[in-house]
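Step one of this worksheet: look at the structure below.
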Amino acid sequence: MLIWLGFFLIISGISLGRMGPSFKRNQYALIFVLLGTLCILIPKSNILGIVNFGDYDSFSGHQLPEYYLMNVTYNFIPWFFTGFLGYYLALMGAPTYWKTRYPQLISGWMFILISLYLYFEYNFHLSIKEVLLAFSSFIGILISLAVFAILVRYVENSTPLDNPAPELTDEEKELVSRIISKNIGVDE
Amino acid sequence: MNADLIELLYYLLGGFIVSTISLMIFQVVSYHPYSRPLIPILIQSISVLFCLVMIIKLNDEVTGLLYSLRFGLSQGLIGIVIILPLFYVLMLYFLFRASIRPRQHDPLLALLDAE
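Protein sequences, first through last, are from chains A and B.
As numbered in my numbering, residues 490 to 677 make up the first sequence, in order.
As numbered in my numbering, residues 682 to 796 make up the second sequence, in order.
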């Protein structure tokens, strides 16, 4: 069950990371994501000595559904994190916002090439047919997002509009102008 | 039913379940006074329940709802992990373009350079 706790924590962490203004995100987001990742990695390291994904379900006698998932995940982690690091470095070095920084750009692309090598090294057993079949999960995700969008649209449309806000009082106007003056560095 | 078709359905239902449950968690965790998550979560829960029952109908080895949920989530996540490299390669194309594209002239940045 650790893997599902990890899944819950990672999704919660990402959701928390979307809260608040962009310059000050929720401070617990990263902690949640790290804890979740740890929960997924613990069974592999077998630190606790209590999880063995090769085992069979004690109730039904069938192989645990998480068994194949864990194998796929552990083949996924090496190339994904190398690729993520490569992306990060290449974006830092790319001339999109500033001058080209060749050390970051070149090292980023080297990491990306290594990640491609790691992908083929760890996932050589995957067939084209399996990839094509797995593509239907993407369609499932699209359907889920479409349903969610329709539901949100329905709820938003059925919510009555608030009354127009009353005009600012003199005190409020003074407060607002003071805050703006302070922020743009103009003395009153 | 054809084994490939059943597997395709497992991935489809799994992808739907993973995405829907993620969105449900998102709505609960990011709750704020102006959000109205009750109706979406209720309908999403019913749709997930429907998918779980479908998995039970398709797979004789899956008996309970909890086992069906674990099975569906596993299939969905496996599907996502398998197809992720396709999007990775697609993103590489855009990253390559960003890496070789010269920076457009920006008068404000030019002012900084002049300093």
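Just so you know, even glycine gets a beta-carbon here, dropped at the ideal spot from N, CA and C.
- Along chain B, in chain order, which residues have C-beta atoms closer than 8 Å to that of A:Glu619? Ile763
- Message: Cutting at 8 Å between CB atoms, please list the residues of its own chain near A:Val522, excluding the five before and the five after it.
- Response: Excluding positions up to five away in sequence, the list reads Leu498, Ile499, Gly502, Ile503 and Gly506.
- Going along the segment 584–610 of chain A in order, which residues come within less than 9 Å of chain B, judged by CB to CB distance? Pro584, Thr585, Tyr586, Trp587, Lys588, Thr589, Leu594, Gly597, Trp598, Ile601, Ser604, Leu605 and Tyr608
- DSSP state of A:Leu537 mapped onto helix, strand, coil: Caution is warranted here: a pLDDT of 47 is assigned to A:Leu537, below 50, making its placement in the model unreliable, and the coordinate value is therefore given only provisionally. In the three-state DSSP reduction, A:Leu537 falls in the coil class, being neither helix nor strand.
- So, B:Met772 versus A:Tyr611, is the Cβ gap smaller than 9 Å? no
- Where A:Met559 falls, given that 16 or more other Cβ within 10 Å makes a residue buried: By the 16-neighbour rule on beta-carbons within 10 angstroms, A:Met559 is buried.
- Message: Less than 9 Å between the C-beta atoms of B:Pro758 and B:Gly695, yes or no?
- Response: Before going further, note that residue 758 of chain B is Leu rather than Pro in the sequence given. Going by C-beta atoms, B:Leu758 is nearer than 9 Å to B:Gly695.
- Item | C-alpha gap between B:Thr701 and B:Leu686, whole angstroms | 22 Å
- Can you give me, in chain order, the residues of the segment 624–650 of chain A that have a beta carbon less than 7 Å from any beta carbon in chain B? Phe624, Ser625, Ser626, Phe627, Ile628, Gly629, Ile630, Ile632, Ser633, Leu634, Val636, Phe637, Leu640, Val641, Val644 and Thr648
- Hey, is B:Ile698's beta-carbon within less than 9 Å of any beta-carbon in chain A? yes
- Task: Please classify B:Gly695: does DSSP put it in a helix, a strand, or coil?
- Result: helix
- Item | Neighbour flag for B:Leu693 against chain A, beta carbons, 9 Å | At least one CB atom of chain A sits nearer than 9 Å to the CB of B:Leu693.
- Would you report the Cα separation of B:Gly736 and B:Tyr691, rounded to the nearest angstrom? It is worth fixing the name first, because residue 736 of chain B is Ile in this sequence and not Gly. For B:Ile736 and B:Tyr691, the distance between alpha carbons rounds to 7 Å.
- Message: Give me the residue from B:Ser726, B:Ile763, B:Pro721 and B:Ser780 with the minimum Cα distance to A:Phe627.
- Response: Cα-wise, what sits closest to A:Phe627 is B:Ile763.
- Message: Does chain A have any CB closer than 9 Å to the CB of B:Val734?
- Response: no
- Query: Between the segment 771–785 of chain B and the segment 705–724 of chain B, do at least 3 Cβ pairs fall closer than 8 Å?
  - Reply: no
- Query: How about B:Leu746 and B:Leu767: are their beta carbons less than 9 Å apart?
  - Reply: Cβ distance not < 9 Å, so B:Leu746 and B:Leu767 don't count as in contact.
- Message: Tell me the rounded alpha-carbon separation between A:Phe613 and B:Tyr769.
- Response: 17 Å
- What first and last residue would you give for the alpha helix (DSSP H) that runs through B:Glu742? Judged by DSSP secondary structure, B:Glu742 falls outside any alpha helix (DSSP H); it is assigned neither H nor E.
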